[in-house]
């Protein structure tokens, strides 16, 4: 539609933080092999749960899988929230937590960000007896910022054991190069539920497969709410195959690392404000929502699709995925053309 609307020869999508280099070849091969059994119902995730348990040296009962980490997130809210309880998070994080809370009809307490970071100290102060779930995204989508090991450890000393912390690590593969990044799997806290996905670094967004780790009692209750045949056999196979594809993951991380170093130079050159990122995207804040929407529209007219962030409670901001070197250069040409048109 955009191609025809603006008469474009080429379009690149840098809106949804998909893997720009494609999908794990081993994941694709495993998914194709699973086609031979698609007449059979899937096993409810048992195969992939077993593989994840072995890989991370946990018990099978500590693992859940689902149709993307967002599905698991929604099931957690459905499982543990009562009508008079509250979800605590921030205004400016993954939209999935807003949808899950609102669809359940519970109160969502959204604290302000501090310099586009989670203000964990202020969030700890906001905990009340009604706070049942705290949602943290690290690195945070859509800002790209992260909180450190020290900040997380201090925060957890103030979280009551009755309160569940959902630690969404959808972009953890991109942040692991930072020494002070708090990988939740090194803590194994009883009231923390880790969420991860195959959609980003492994490039399996289309098949919808995610996973989580938690205390066995928490997992047992989440599994009671999950649809019985979720996820599909094809999705499980793709995820299992991708876990073996260390070469693809390393290449993905290297490509993203190089782009994460290169793109700020472009933004500085053009006088664009950006937020430093530990993920596979950058967020650009503007003075007003009107300016953010015009920036997004001007890029779209030049064949670059990016994401305005009204739905993430950051209406004056735009998120741009880090692409391949070729895609990043195409973006650079579009941005330079926009600057020349305004001169």
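Residue numbers (my numbering): 16 to 358.
Just so it is clear, CB atoms sit at the ideal spot from N, CA and C, and this is done for glycine as well.
The structure displayed is predicted, hence computed values, not measured ones.
**Cα-Cα separation, residue 250 to residue 42** = If I take the Cα positions, the gap works out to 9 Å.
**Asked** CA-CA distance, residue 74 and residue 348?
**Response** Roughly 50 Å between the two C-alpha positions.
**Asked** Do the CB positions of residue 162 and residue 199 come within less than 9 Å of each other?
**Response** The answer is no: Cβ separation not under 9 Å.
**Residue environment, residue 184, which counts as buried when at least 16 other CB atoms sit within 10 Å** = By the neighbour-count definition (other C-beta atoms within 10 Å, threshold 16), residue 184 is a buried residue.
**Message:** Tell me which residues share the same chain as residue 145 and place their Cβ nearer than 6 Å to its Cβ, disregarding the 5 neighbours each side in the sequence.
**Reply:** Hits under 6 Å: 100 and 101.
**Request:** Return helix, strand or coil for residue 300, following the three-state DSSP convention.
**Result:** In the structure shown, residue 300 sits in a strand (DSSP, three-state: E or B).
**Prompt:** Which whole-angstrom value is the C-beta distance of residue 278 and residue 297, which I expect to be below 8 Å?
**Reply:** That pair is a contact at about 6 Å.
**Asked** Is it a yes or a no for the stretch 148-167 touching the stretch 251-266, going by three-plus beta-carbon pairs under 8 Å?
**Response** Under the three-pair Cβ rule at 8 Å, the stretch 148-167 does not count as touching the stretch 251-266.
**Message:** For residue 240, report the span of its alpha helix (DSSP H) as first-last.
**Reply:** Element bounds for residue 240: 231-240.
**Request:** Can you give me the Cβ contacts of residue 40 inside the same chain, cut-off strictly under 8 Å, excluding the 5 residues immediately before and after it?
**Result:** 260 and 263, listed in sequence order.
**Asked** Around the Cβ of residue 176, are there at least 16 other Cβ atoms within 10 angstroms (buried) or fewer (exposed)?
**Response** Per the 10 Å Cβ criterion, exposed.
**Request:** At 4 residues or longer, and completely inside the stretch 141-195: list those alpha helix (DSSP H) runs for me, N to C.
**Result:** Complete alpha helix (DSSP H) runs here, min 4: 164-171 and 187-190.
**Prompt:** Does DSSP classify residue 103 as helix, strand or coil?
**Reply:** Residue 103 falls in the strand class under three-state DSSP.
**Asked** Do you know how far the Cα of residue 253 is from the Cα of residue 270?
**Response** Distance between the alpha carbons of residue 270 and residue 253 is about 22 Å.
**Asked** Taking C-alpha atoms, which residue in 292, 182, 19 and 353 lies nearest to residue 336?
**Response** The option with the nearest alpha carbon to residue 336 is 292.
**Item:** Check whether residue 246 and residue 81 have beta carbons under 9 Å apart
**Value:** Closer than 9 Å, so yes.
**Item:** Below-9 Å beta-carbon distance, residue 284 vs any chain D residue
**Value:** Here chain D cannot be found, since the structure has a single protein chain.
**Item:** Under the three-state DSSP convention, the category residue 93 falls into
**Value:** In the structure shown, residue 93 sits in a helix (DSSP, three-state: H, G or I).
**DSSP state of residue 109 mapped onto helix, strand, coil** = Coil.
**Message:** Within a Cβ cutoff of 6 Å, which residues of the same chain sit near residue 289, ignoring the five residues on either side of it in sequence?
**Reply:** In chain order, 282, 297 and 299 place their CB closer than 6 Å to the CB of residue 289, counting only its own chain and leaving out the 5 sequence neighbours on each side.
**Exposed unless 16 or more other CB atoms sit within 10 angstroms - verdict on residue 241** = Answer is buried; the Cβ neighbour count reaches 16.
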